[in-house]
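In UniProt numbering, the protein residues as written are 1 to 767. C-beta atoms are modelled at their ideal positions from N, C-alpha and C, and glycine is treated no differently.
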């Protein structure tokens, strides 16, 4: 945090988007000294023949505009294309110990890495290393392991399909399925929870469905910050009179009122569009109660003779509804309203909106997935959709709004710690080696292996693993036990400073930069959150002659590790078409004629069987699934307990911190804050702006505590507070996760407020 800027809280009363977004875009381009270059790049972003936005996974519209980007996409590009550089001279001036004392924002602001670096323990500094020496060091460590399972291979959603596919092949030829993935920390309940219900772990809508929907529910998702381009779809839906129901513990500015930055009339007249027609102010963890309340209202209406269920669809395509009906009808309205915090009247009202709609989209984010029963919770949302036949018809379906660009694509092409036997058979047949059959590690299991000393090497394909994972102090200590940590990266971040005995930073060509090989210019492909696969071609020159494409890095590590491999790694370095042909061989059902399809600059849509009302489940039907009870998290028996949801600010993307402010929530120059219901605050004898600590309820012997947090009055439900990720990750225990998916329950951490021992000035509160 800059010493010149004092913390401040000043409520934001303007619509989201609009001139605020336009000004923020211009400001960030100027801050990174790339106003001309950045503007040129934005014209190519998300356009045919250009590159895919390196931030969120929201799809491109069917009819694209000249400018197809949002404020946060512009920030992602600006920080990627920045003129700032982290060179060998920078590392000569800074020890790793001193860099650990800097903020995440400060680290981000230093700029792009320009050459491979190796950690030197004698000086506590990173020093240059030649690429061939780096590959040899990795190969030496991997070959020295007693078992391939002693290595953990992490993947960030930034990784393109071609790289992720080869990475999965290399790791399996090496002999393990240890693939901790960024999806494990966010939408893994989608990947694990939806297949038993509908046969696939993906969303079922396409962009055109927004134009035909008769109702849209947005649940546990801050659209204006995490997928801002979706706001255009919501604005257009509202102009058609479509109800938009928001279910969330926090009222979010963009879902209240929004101005489209590309709408000349709205911008010129300072106009805006009201978005949510109904705000359901749910308690943290209360979504399941709302879903069961809506289902109960539908079942009651059906028993009264009203035509509210799609009985023909249910009879032909589903099984299990009677068991769900019995569970729901045995749940009392008193319990539903107590757990959800929502009145029976409002739940019946939104159930009525749903009942009248012939085509409904249910969108959700990590507000649903990051709970201890996140996978089961999504199955209950699916039950609700099945009751009205909202699959396989225009304007209807389930829509997980995934975060990182290509996080879904990585899973599709093989980044999976629990691969199917059929997939492994195809890998064997195409590549001629026997892949390992046992399941590997997800993120939490990988950290546990590090802590136990059974993991020796960590290889990170992008991302900021150390900062993203739970239980910060334990996780940092676990990673320090590793023999080698490798991070493939564009910029300096915390993961490079939390290192093993030896460590490497390997800088890559960024998404926006040109990839050239001996065979000419190459492109990669990206799968968005609605299963569209599109090409991505960089337009800028690489930041340095010493950076390498991520695909080449994977191939050369494979060559250094597996000298007897029959896989033609050298050929894949030069010609990415060969990689796409192998993807088609391994996935003939969905990627047939992959290379030919990529001649279309708009790409193609992967087959999603539920859109055809085909269910790839063991019984060939869509399944209603029962989840007893109403609470999706362990309950602490203490009336003082608060449930903490970790959230992102408007000025960050995942662990990337663009500034220490959060415009839409009115927080400036401070990220150490907690948003709190003023009655909860008063009950604890606190003033608005007080500085406190938070402590996790836990009986495992670890004290999890974060100090120096400023309390801010905010319209939160009683018993719920929120604060920023990753600063509050130290409060999230490693063993507080969804057992089906392994996803940490970051949206409902049981905490209590304790006195602060830090000397922190109170925040200035403006009216």
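What whole-angstrom Cβ distance do residue i and residue j have, given they're in contact under 8 Å?
{"i": "residue 398", "j": "residue 362", "result": "5 Å"}
{"i": "residue 407", "j": "residue 157", "result": "3 Å"}
{"i": "residue 109", "j": "residue 84", "result": "7 Å"}
{"i": "residue 134", "j": "residue 504", "result": "5 Å"}
{"i": "residue 207", "j": "residue 530", "result": "7 Å"}
{"i": "residue 123", "j": "residue 86", "result": "Wrong, their Cβ atoms sit about 17 Å apart, outside the cutoff."}
{"i": "residue 468", "j": "residue 190", "result": "18 Å between Cβ atoms; not a contact."}
{"i": "residue 751", "j": "residue 694", "result": "5 Å"}
{"i": "residue 159", "j": "residue 462", "result": "6 Å"}
{"i": "residue 393", "j": "residue 355", "result": "Not really, about 16 Å apart at Cβ, beyond 8 Å."}
{"i": "residue 791", "j": "residue 514", "result": "Outside the displayed span of the chain (1 to 767) sits residue 791, for which this structure offers no information."}
{"i": "residue 276", "j": "residue 308", "result": "23 Å between Cβ atoms; not a contact."}
Taking all protein chains shown into account, do 16 or more other C-beta atoms lie within 10 angstroms of the C-beta of residue i, making it buried, or fewer, making it exposed?
{"i": "residue 701", "result": "exposed"}
{"i": "residue 432", "result": "exposed"}
{"i": "residue 527", "result": "buried"}
{"i": "residue 738", "result": "buried"}
{"i": "residue 522", "result": "buried"}
{"i": "residue 520", "result": "exposed"}
{"i": "residue 143", "result": "exposed"}
{"i": "residue 2", "result": "Note that residue 2 has pLDDT 40, beneath the 50 cutoff, so the model's placement of it is unreliable and the number below is only indicative. Residue 2 is exposed by the Cβ-count criterion."}
{"i": "residue 239", "result": "exposed"}
{"i": "residue 767", "result": "Caution is warranted here: a pLDDT of 45 is assigned to residue 767, below 50, making its placement in the model unreliable, and no coordinate value can be reported."}
{"i": "residue 488", "result": "buried"}
{"i": "residue 389", "result": "buried"}
{"i": "residue 97", "result": "exposed"}
{"i": "residue 569", "result": "buried"}
{"i": "residue 754", "result": "exposed"}
{"i": "residue 599", "result": "exposed"}
{"i": "residue 37", "result": "buried"}
{"i": "residue 322", "result": "exposed"}
{"i": "residue 30", "result": "exposed"}
{"i": "residue 769", "result": "Any property of residue 769 remains undetermined from this structure, which presents the chain solely from 1 to 767."}
{"i": "residue 100", "result": "exposed"}
{"i": "residue 618", "result": "exposed"}
{"i": "residue 225", "result": "buried"}
{"i": "residue 104", "result": "buried"}
What first and last residue would you give for the alpha helix (DSSP H) that runs through residue i?
{"i": "residue 275", "result": "Note, residue 275: premise wrong, no alpha helix (DSSP H); not H, not E."}
{"i": "residue 696", "result": "Segment 691-696 is the beta strand (DSSP E) holding residue 696; no alpha helix (DSSP H) there."}
{"i": "residue 336", "result": "333-340"}
{"i": "residue 589", "result": "588-591"}
{"i": "residue 76", "result": "71-80"}
{"i": "residue 137", "result": "131-143"}
{"i": "residue 678", "result": "678-683"}
Does the separation of the CB atoms of residue i and residue j fall below 8 Å?
{"i": "residue 401", "j": "residue 649", "result": "no"}
{"i": "residue 746", "j": "residue 732", "result": "yes"}
{"i": "residue 539", "j": "residue 603", "result": "no"}
{"i": "residue 472", "j": "residue 729", "result": "yes"}
{"i": "residue 558", "j": "residue 643", "result": "no"}
{"i": "residue 242", "j": "residue 289", "result": "no"}
{"i": "residue 79", "j": "residue 658", "result": "yes"}
{"i": "residue 409", "j": "residue 164", "result": "yes"}
{"i": "residue 696", "j": "residue 749", "result": "yes"}
{"i": "residue 562", "j": "residue 173", "result": "yes"}
{"i": "residue 284", "j": "residue 249", "result": "yes"}
{"i": "residue 45", "j": "residue 18", "result": "no"}
{"i": "residue 229", "j": "residue 51", "result": "no"}
{"i": "residue 428", "j": "residue 586", "result": "no"}
{"i": "residue 795", "j": "residue 460", "result": "An answer regarding residue 795 cannot be provided, because it is not within the stretch 1 to 767 covered by the chain."}
{"i": "residue 272", "j": "residue 54", "result": "no"}
Just reading off the beta strand (DSSP E) that residue i is part of, what are its end residues?
{"i": "residue 230", "result": "No beta strand (DSSP E) contains residue 230, which is instead part of the alpha helix (DSSP H) from 230-239."}
{"i": "residue 190", "result": "Run containing residue 190: none in the beta strand (DSSP E); it sits in the alpha helix (DSSP H), 188-193."}
{"i": "residue 104", "result": "Counting along the chain, residue 104 falls outside any beta strand (DSSP E), though it belongs to the alpha helix (DSSP H) covering 104-109."}
{"i": "residue 226", "result": "It is not in any beta strand (DSSP E) - residue 226 instead sits in the alpha helix (DSSP H) that spans 223-226."}
{"i": "residue 723", "result": "720-724"}
{"i": "residue 502", "result": "502-507"}
{"i": "residue 520", "result": "520-522"}
Compute every distance between the C-beta of residue i and the non-hydrogen atoms of the ligand SAH, then say whether any falls below 7 Å.
{"i": "residue 213", "result": "This structure lacks the ligand SAH; in fact it carries no ligand of any kind."}
Checklist entry - Where in the segment 527-573 do unbroken runs of the beta strand (DSSP E), each at least 3 residues long, occur, reported from the N-terminal end onward? => result 532-536
Next on the checklist: Extract the residue ranges of the alpha helix (DSSP H) inside the segment 603-653, only unbroken runs of 4 or more that lie entirely within it.
Outcome noted: none
Item to check | Ranges of the beta strand (DSSP E) found wholly within the segment 296-360, counting only runs of at least 3 | outcome: none
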